[in-house]
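Protein chains in written order, with UniProt numbering: chain G, 1 to 853; chain F, 1 to 121.
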Amino acid sequence: MNANNASLNQLQTLIVVGNGMVGHHCVEQLIERGALDHYQLHVFSEEPMRAYDRVHLSEYFTGRDAESLALSDAALYQTPGVTLHLGVQVLDIDRTQRQVVTAQGRVTYDKLVLATGSYPFVPPIEGAEGDSRLVYRTLQDLDAIRAAAANARRGVVVGGGLLGLEAANALKSLGLEAHVVEFAPRLMPVQLDDFGGLALKAQIERLGVGVHLSRATQSISAGEQYRYRMNFANDEFLETDLIVFSAGIRAQDALARQAGLEIGPRGGVAINDECRSCDPHIYAIGECASWNGSLFGLVAPGYQMARGVAALLCGQGAEPFVGADMSTKLKLLGVDVGSIGDAHAHTPGARSYQFIDEATASYRRLVVDAAGKQVIGAVLVGDNSYYDTLLQYLQNGIALPAEPASLILPSSAGAPTLGPGALPESATVCSCHNVTKGAICAAIDGGCGDLGVLKAQTKACTGCGGCAGLLKQVFEHELVARGVSVDKSLCEHFAYTRQELYALVRVEGVITFDELLAKHGRGHTGCDVCKPAVGSILASCWNQPILDPSLVPLQDTNDTFMANMQKNGTYSVVPRIPGGEITAEKLIVIGEVAKKYNLYTKITGGQRIDLFGAQLHELPDIWGELIAAGFETGHAYGKSTRTVKSCVGSTWCRYGVQDSVKMALLIEDRYKGLRSPHKLKFAVSGCTRECAEAQSKDVGVIATEKGWNLYIAGNGGMRPRHAELFATDLDDATLIRYIDRFLMFYIRTADKLQRTSVWRESLEGGLDFLKDVILHDSLGLGAELEAQMQLVVDRYECEWANALKDPEKLKRFRTFVNDKRPDPDIHFVQERGQRRPIMAAELNLIAVTEELA
Amino acid sequence: MSQSNTQRTLATWKNVCNEGDLVRNSGVVVWLDGAQVALFYLPDAEAQTLYAIDNHDPESGANVIGRGLVGNIKGELVVAAPIYKQHYRLQDGQCLETPHQRLRVWPARLKGGVVEVQVSC
Chain G
1 MNANNASLNQ LQTLIVVGNG MVGHHCVEQL IERGALDHYQ LHVFSEEPMR
51 AYDRVHLSEY FTGRDAESLA LSDAALYQTP GVTLHLGVQV LDIDRTQRQV
101 VTAQGRVTYD KLVLATGSYP FVPPIEGAEG DSRLVYRTLQ DLDAIRAAAA
151 NARRGVVVGG GLLGLEAANA LKSLGLEAHV VEFAPRLMPV QLDDFGGLAL
201 KAQIERLGVG VHLSRATQSI SAGEQYRYRM NFANDEFLET DLIVFSAGIR
251 AQDALARQAG LEIGPRGGVA INDECRSCDP HIYAIGECAS WNGSLFGLVA
301 PGYQMARGVA ALLCGQGAEP FVGADMSTKL KLLGVDVGSI GDAHAHTPGA
351 RSYQFIDEAT ASYRRLVVDA AGKQVIGAVL VGDNSYYDTL LQYLQNGIAL
401 PAEPASLILP SSAGAPTLGP GALPESATVC SCHNVTKGAI CAAIDGGCGD
451 LGVLKAQTKA CTGCGGCAGL LKQVFEHELV ARGVSVDKSL CEHFAYTRQE
501 LYALVRVEGV ITFDELLAKH GRGHTGCDVC KPAVGSILAS CWNQPILDPS
551 LVPLQDTNDT FMANMQKNGT YSVVPRIPGG EITAEKLIVI GEVAKKYNLY
601 TKITGGQRID LFGAQLHELP DIWGELIAAG FETGHAYGKS TRTVKSCVGS
651 TWCRYGVQDS VKMALLIEDR YKGLRSPHKL KFAVSGCTRE CAEAQSKDVG
701 VIATEKGWNL YIAGNGGMRP RHAELFATDL DDATLIRYID RFLMFYIRTA
751 DKLQRTSVWR ESLEGGLDFL KDVILHDSLG LGAELEAQMQ LVVDRYECEW
801 ANALKDPEKL KRFRTFVNDK RPDPDIHFVQ ERGQRRPIMA AELNLIAVTE
851 ELA
Chain F
1 MSQSNTQRTL ATWKNVCNEG DLVRNSGVVV WLDGAQVALF YLPDAEAQTL
51 YAIDNHDPES GANVIGRGLV GNIKGELVVA APIYKQHYRL QDGQCLETPH
101 QRLRVWPARL KGGVVEVQVS C
């Protein structure tokens, strides 16, 4: 007891004034570094609740409450030796007595840390009061905004900086028409240059936010249409129901001024490299501190100061504070904005590369030093995927690539992005908590194998969250480098890959999603990742009609309605035209149907005809007519067999050596309705001239004098790949047998949404392995694969014919289940003799009354 | 203020369609005085089994939400918009990807084989 008392008496008192993000971080760091062995810790907070996340403040309006925004468990402040005084304002500091003064009395300190933060600056404007003088800083401010918004239609934010745009987002999420009024001639004048500001303006105007630049509010008076009227120069004005000021922040240095501490030239407590004020017992950190005349309004430098002071007070070596990187990466109103280093190219001799895309209002600028060797700054608007790489170039002084512009150009040509493996150990991944790649590796070596745990252990990505993407990349890269397998779970409901689920379905004979989820999954319902994937597996294995009641909820949109949804919500219809061969009678039927339902008609690349613009309720009628004329569904909507393209072959062509059309018909008839991880395209050419382009298909067949050559795993599309020659001079039966095996082996082993080309490239052992399995039956799977294919073939039934027979299945094909009208918002215009969807820009040409009639 | 109070007191349940019009674990759309309301029927869900949410997809501008796929993400029921695949919470219409995007929702119930949606008049 005595010993305890003695040690208690030796404890000094440390007071932290302010419990914002930085003050809180300081307390956390103090506790972690063992400060409670030396100090009694008192924390004073003017606000009535403990520290919360101001970076994500706007989420308060989109579902998060105060508690979920809190930065720590309440337990932290219940640690013995820590006292949190909530809602207690420090009124004065008595430096001679070393006491802080509150309404409740005085507390003596040995050391004092000021973390009083900042307050919003509201310019003195005549008539600004009440709901026309709101600010955006604390939860209480947000409550006031919410109350003011209750009966409002329009809200204006004064200030187009980072916080102002956040505030505009908050107004928007409250359902208000939001406007931003900025004094400067561009948005985010501190972080962005002129072009960047223009691009950002264009993007947020597209989101329906009004932007008014170069305008200073001179007075606020009563409005006519809205509560207030903001009066600008030249008799311009803007009316609104509420006004939020976000015209900059000022350091909250009132206490320090009162106590006679030295103040920086732009306000704030003047501090040295150790964050010490002119009084050796008083420190200042975060937004209330002025280092070298500069104030730091971001969380990362504040945390840096907090760490330094905590280390110093615990008698540990602290890195001096020598300024901070003010780079920022944000999503403002859903628009990516990034600013790195010397964004304005103020450095003497700095040179810039700029990329402007007016179509998407994207903008990127790369600033390099005079020697052209290093990145010194960047501006990004519209796409922050470039941010991490650019920041790493800057922070680690990595030498520029030969073509520096490639760092900001659209990355189609394989731009030299900096992979996580290329980063040095010293590279900072999280700048808020100063976590290096080395620290992450150390945590992984220490046994950490979960991203969430890694974040908790290292604090990486728990500040602004901007490093989330990079952290995940580094984490996965390092795990793989250590031979640890990375979680490849399909989604939160299944801890299996597609291949594993396929095996479970196949081996256990599972025929419904619910059964699979109950036996091998977690939770209920599933999601839009696992449902279509399992739906596809079930179809590949058992080929039941996809509109059977247990299968309907699994299908992706296009499969549910057995048509392809287009951008305006209408559908396109593609009847199967096997091999591209069609009679005049059938052509006429397609023409008549297209005419009757006024469908836009286009020939596809797969030798069929696509009919566009059908509304949901028209689909059964259209299919009724097509099926009556002998058509079947073309599965254009499914991850399934699409088309078998063919040239006319030996029947007509003077060069043809085999009947390619007949073979195409045989193949299409066999595999139609086969569902697979991705779409499947086939082609058959009648001679080596290859008019059917079979070498660009998943399965290509080219006639030879002796039979058929089989090519596999080609595709067109985004990344074309030539099919590879797989087997030569095959007779008809062998050709089909190999295709059976090949397709079923692909379906069994591919990942979800993986085309045959990518699957083939990912196969260990490559083409030789595949030949062994398919041609030489090295795994003894041949007969099984053929039998599985035969089951699918035998069960084929035209899905549309099946659905038309069943009124239950047709129930969904109604635009409105309680009304006969078509969707009144679908409009078409005529172009080149057919109709097409109206563009958004043309919509105002339509009289509103017409819609309501 | 007075306006919103009036609205609250005059909210009424409106018959929009029959139970038989619904499709299990999926959506259908009803016309409700100029609004398009998507109805999702989840008979096996633990708490609420019927949800009414705006059919208009703000990202594509098309009226297609009722044709989206229903899912469960981190314990919350959502519908995936069919065109650009954003997820909207069935409970309150909140978009999980874009915080400022929120769809209108209505209280809905099944009463004696009839589907009712609560509207303010």
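Think of the CB as a built atom: it goes at the ideal place given N, C-alpha and C, for glycine as much as any other residue.
Fair warning: this is a prediction, and the values are worked out from it, not measured in the lab.
When you compare the region 573–584 of chain G with the region 607–615 of chain G, are there three or more beta-carbon pairs, one atom per stretch, that lie closer than 8 Å? By the criterion of at least three beta-carbon pairs nearer than 8 Å, the region 573–584 of chain G is in contact with the region 607–615 of chain G.
To the nearest angstrom, report how far apart F:T6 and F:W13 are at their CA atoms. Here the question's residue 6 of chain F lines up with position 6 in the second sequence. Here the question's residue 13 of chain F lines up with position 13 in the second sequence. With a pLDDT of 41 at F:T6, under the threshold of 50, the modelled position of that residue is not reliable, and no figure is offered here.
Per-residue contacts from F:A38 into chain G (C-beta, under 8 Å): For the purposes of this step, residue 38 of chain F is taken as residue 38 along the second sequence, with counting starting at 1. Ordered by position in chain G, no residue passes the 8 Å Cβ test against F:A38, which lies about 10 Å from the chain.
Can you find a heavy atom of the ligand FMN that lies under 7 Å from the Cβ of F:A38? This structure lacks the ligand FMN; in fact it carries no ligand of any kind.
Can you round the beta-carbon distance between residue 863 of chain G and G:D336 to whole angstroms, since I take them to be within the 8 Å contact cut? As displayed, chain G neither begins before 1 nor continues past 853, which places residue 863 of chain G out of reach and without an answer.
Does any residue of chain F have a CB that is nearer than 8 Å to the CB of G:G630? Looking up residue 630 of chain G in the first sequence gives position 630. It does not: the Cβ of G:G630 has no partner Cβ on chain F nearer than 8 Å.
Take the Cβ of G:M188 as the centre, count every other Cβ of all protein chains shown within 10 Å, and call the residue buried at 16 or more, exposed below. Position 188 of the first sequence, counted from the first residue, corresponds to residue 188 of chain G. G:M188 comes out buried.
Any beta-carbon of chain G closer than 8 Å to the one on F:K85? Taking the second sequence and counting its residues from 1, one reaches residue 85 of chain F at position 85. Interface residue, yes.
Report the residue ranges of all alpha helix (DSSP H) runs contained in full by the region 279–313 of chain G; include only those spanning at least 4 residues, in chain order. The qualifying runs are 299–313.
Given 8 Å, three or more beta-carbon pairs between the region 613–624 of chain G and the region 657–664 of chain G: In the pairwise beta carbon analysis, the region 613–624 of chain G is classified as not touching the region 657–664 of chain G: fewer than three pairs are separated by under 8 Å.
In whole angstroms, what is the alpha-carbon distance linking G:L551 and G:T512? In the first sequence, the residue the question calls residue 551 of chain G occupies position 551. In the first sequence, the residue the question calls residue 512 of chain G occupies position 512. Cα to Cα, G:L551 sits roughly 7 Å from G:T512.
Who are G:N169's beta bridge partners in DSSP? Taking the first residue of the first sequence as 1, we reach residue 169 of chain G at position 169. In DSSP, G:N169 forms no bridge with anything.
When you check each C-beta in the region 483–517 of chain G against every C-beta of chain F, which residues fall closer than 8 Å? Correct list: E492, H493.
Inspect the beta-carbon positions of F:V29 and F:A38 and report whether they are closer than 8 Å. As a working note, residue 29 of chain F is residue 29 in the second sequence. As a working note, residue 38 of chain F is residue 38 in the second sequence. Against a cut-off of 8 Å, the Cβ pair of F:A38 and F:V29 comes out as a contact.
Residues that G:G267 bridges to, as DSSP identifies them: Translated into positions along the first sequence, residue 267 of chain G becomes position 267. The partner list for G:G267 (beta bridge, DSSP) reads G:P265.
Leaving out the 5 sequence neighbours to the left and right, which residues in its chain are closer than 6 Å to G:A495 when beta-carbon positions are compared? The sequence position of residue 495 of chain G within the first sequence is 495, counting from 1. Here the set comprises S489.
Quick one: what does DSSP say G:I243 is sitting in, helix, strand or coil? Taking the first residue of the first sequence as 1, we reach residue 243 of chain G at position 243. In the three-state DSSP reduction, G:I243 falls in the strand class (E or B).
Specify, as a first and last residue, the run of the alpha helix (DSSP H) that G:I537 falls within. Position 537 of the first sequence holds residue 537 of chain G. Segment 530–542, the alpha helix (DSSP H) holding G:I537.
Quick check on G:I838 - is its C-beta less than 8 Å from some C-beta in chain F? Along the first sequence, one-based indexing puts residue 838 of chain G at 838. Closer than 8 Å: no.
From this set, G:E797, G:A694, G:F195, which residue's C-alpha is nearest G:R670's C-alpha? One-based indexing of the first sequence puts residue 670 of chain G at position 670. That would be G:E797, whose Cα lies nearest to the Cα of G:R670.
Run down chain G in chain order and give the residues with a C-beta less than 7 Å from the C-beta of F:A80. As a position in the second sequence, residue 80 of chain F is number 80, starting the count at 1. Residues of chain G whose Cβ lies closer than 7 Å to the Cβ of F:A80 are, in chain order, D528.
Taking DSSP's pairing of strands, which residues face G:R836 in a bridge? In the first sequence, counting from the first residue as 1, residue 836 of chain G sits at position 836. Partner(s): G:V829.
From what residue to what residue does the alpha helix (DSSP H) around G:K437 run? The sequence position of residue 437 of chain G within the first sequence is 437, counting from 1. Looking at the DSSP string, the run of the alpha helix (DSSP H) that includes G:K437 is 437–445.
Among the residues of its own chain, which have a CB less than 8 Å from the CB of G:Y746, if the five just before and after it don't count? In the first sequence, counting from the first residue as 1, residue 746 of chain G sits at position 746. Same-chain partners within the cutoff: S676, P677, T756, W759.
Quick check on DSSP: helix, strand or coil for F:E19? Translated into the one-based positions of the second sequence, residue 19 of chain F becomes position 19. Secondary structure of F:E19 (DSSP, three-state): helix.
Taking one C-beta from the region 365–378 of chain G and one from the region 200–218 of chain G each time, how about it: are there three or more such pairs within less than 8 Å? Touching, no.
CA-to-CA distance, G:P545 to G:D514, given in whole angstroms: Here residue 514 of chain G refers to the residue found at position 514 when the first sequence is read from its first residue. Here residue 545 of chain G refers to the residue found at position 545 when the first sequence is read from its first residue. Approximately 17 Å between the Cα atoms of the pair.
Taking contact to mean 3 or more Cβ pairs, one atom from each stretch, closer than 8 Å, check whether the region 304–313 of chain G and the region 149–167 of chain G are in contact. Touching, no.
Please report how far the alpha carbon of G:E274 lies from the alpha carbon of G:Q252, in whole angstroms. Counted from its first residue, the first sequence places residue 274 of chain G at position 274. Counted from its first residue, the first sequence places residue 252 of chain G at position 252. When rounded, the distance between both Cα atoms is 20 Å.
Is the CB-CB distance between G:E500 and G:G523 below 8 Å? Locating residue 500 of chain G in the first sequence gives position 500, counting from the first residue. Locating residue 523 of chain G in the first sequence gives position 523, counting from the first residue. Contact: no.
Are the C-beta atoms of G:G523 and some chain F residue less than 8 Å apart? On the first sequence, position 523 is the one that residue 523 of chain G refers to. Answer yes: the Cβ-Cβ gap between G:G523 and chain F drops below 8 Å somewhere.
Could you tell me whether the Cβ atoms of G:D823 and G:Q615 are closer together than 8 Å? Translated into positions along the first sequence, residue 823 of chain G becomes position 823. Translated into positions along the first sequence, residue 615 of chain G becomes position 615. Result yes, Cβ atoms of G:D823 and G:Q615 sit closer than 8 Å.
What residue from G:I712, G:R721, G:T749 has the CA that sits closest to G:L735's CA? As a first step, residue 735 of chain G must be located in the first sequence, where it is residue number 735. The residue among G:I712, G:R721, G:T749 with its C-alpha nearest the C-alpha of G:L735 is G:I712.
Would you say G:A296 lies against chain F (beta-carbon separation less than 8 Å)? Reading the first sequence from its first residue, position 296 is the one you call residue 296 of chain G. A small fix is needed here, since residue 296 of chain G is Phe in this sequence, not Ala. Taking 8 Å as the threshold, the shortest C-beta distance from G:F296 to chain F does not fall below it.
For a cutoff of 8 Å on Cβ pairs, would you count F:V105 as touching chain G? Reading the second sequence from its first residue, position 105 is the one you call residue 105 of chain F. By this cut-off, F:V105 is not an interface position.
Rounding to the nearest angstrom, what Cα-Cα distance links G:A415 and G:D37 in this structure? By 1-based counting over the first sequence, the position of residue 415 of chain G is 415. By 1-based counting over the first sequence, the position of residue 37 of chain G is 37. The predicted position of G:A415 is uncertain, since its pLDDT is 41 and thus under 50; a value taken from the coordinates is nonetheless stated next. Straight-line measurement puts the Cα of G:D37 at about 53 Å from the Cα of G:A415.
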